[in-house]
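Novice: In terms of the numbering used here, the sequence shown opens at residue 3 and continues consecutively.
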Amino acid sequence: MVNNITKWEILGLYLENYNSKYYLRELANLLKKPHQSLTPYLNALVKENILIREKRKAITEFSLNRKNPQLQDYLVIAEKERAIEKLKEPLLRILYEKIHPYFTKNIFVIFGSATKNLKEAADIDLLLIGPASIKKEVEDFEEIYDKKIHVITTKSIKEIDNGLLQEIIKKHVILNNTEYILNYFNEKQ
């Protein structure tokens, strides 16, 4: 089966740092695809004014076009694609199902090492923005699955310490209210 590349996979590489610049070969290595296969997708994103292509001697570099107001919509889709992929992991899916009833009035973001490899992570860092108390759900999950959840609760994303916020921006999976969180991340980068 051929594993196709998507625009969202490419844009997903920029989610940790909107100011990142990648060379064509770097993108190919990160996505584990031949650079020839990536080129049409990169050209399409440049044509759509989502990426900026800069040539430096024989090297081509790509970065986000942060002046394009439509970029945020593309990043929201890339972020949702990443969340959908991560939710294929059984433990994360179970946690998601346990906290899903609280999505209406709260925002949940998983961050830290659990975003890269949940099985090897010592614990799950979970940011909860809103009034909910999920203590019982967390205790039940920890008891059944033997995985500690460290919940950081705040009423507003603006109350988060800048050091913690930068850590969250670098490694995160947004479970709901993606657009709101990305707008805030964009302000802080």
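A virtual CB, placed ideally from N, CA and C, is assigned to each residue, including glycine.
Since we're looking at a predicted model, the values are computed, not measured.
#1: Using 8 Å as the threshold, is the segment 169-176 in touch with the segment 109-125, meaning 3 or more CB pairs across them?
#2: Could you name the residues that DSSP lists as bridge partners for Ser65?
#3: Excluding the 5 residues flanking Met3 on each side, which residues of the same chain have their C-beta closer than 6 Å to its C-beta?
#4: Give the range of the beta strand (DSSP E) segment to which His102 is assigned.
#5: Alpha carbon to alpha carbon, how far is Tyr16 from Ser22? Give it in angstroms, no decimals.
#6: Rank Glu50, Phe64, Ala60 and Ala134 by C-alpha distance to the C-alpha of Glu28 and give the top, closest one.
#7: In this structure, how does DSSP classify Phe127 when only helix, strand and coil are distinguished?
#8: Here's a check: name, in chain order, each residue in its chain whose Cβ is nearer than 6 Å to the Cβ of Asn31, leaving out the five neighbours to either side.
#9: Any contact of the segment 53-71 with the segment 150-163, i.e. 3+ C-beta pairs under 8 Å?
#10: I need the boundaries of the beta strand (DSSP E) containing Thr156, first residue and last residue.
Specialist: The structure says:
#1: yes
#2: Counted from its first residue, the sequence shown places residue 65 at position 63. DSSP output for Ser65 lists Lys23 and Ile54 as bridge partner(s).
#3: One-based indexing of the sequence shown puts residue 3 at position 1. With a pLDDT of 36 at Met3, under the threshold of 50, the predicted position of this residue should be treated as unreliable, though the coordinate-derived value follows. By the criterion of a C-beta distance shorter than 6 Å, Met3 is surrounded by no residue of its chain, once the five residues flanking it on both sides are discounted.
#4: Taking the first residue of the sequence shown as position 1, residue 102 is located at position 100. Neither: His102 is in no beta strand (DSSP E) and is coded neither H nor E.
#5: If you number the sequence shown from 1, residue 22 lands on position 20. If you number the sequence shown from 1, residue 16 lands on position 14. So the alpha carbons of these two residues sit roughly 6 Å apart.
#6: Translated into the one-based positions of the sequence shown, residue 28 becomes position 26. Here the closest residue by C-alpha is Phe64.
#7: Against the sequence shown, residue 127 aligns to sequence position 125. The sequence given here has Asp at residue 127, not Phe. Strand at Asp127.
#8: Residue 31 sits at position 29 when you count from the first residue of the sequence shown. The answer is none, since no qualifying residue turns up.
#9: With the cut-off at 8 Å, the segment 53-71 and the segment 150-163 do not touch.
#10: On the sequence shown, position 154 is the one that residue 156 refers to. From DSSP, the beta strand (DSSP E) with Thr156 extends over Lys150 to Thr156.
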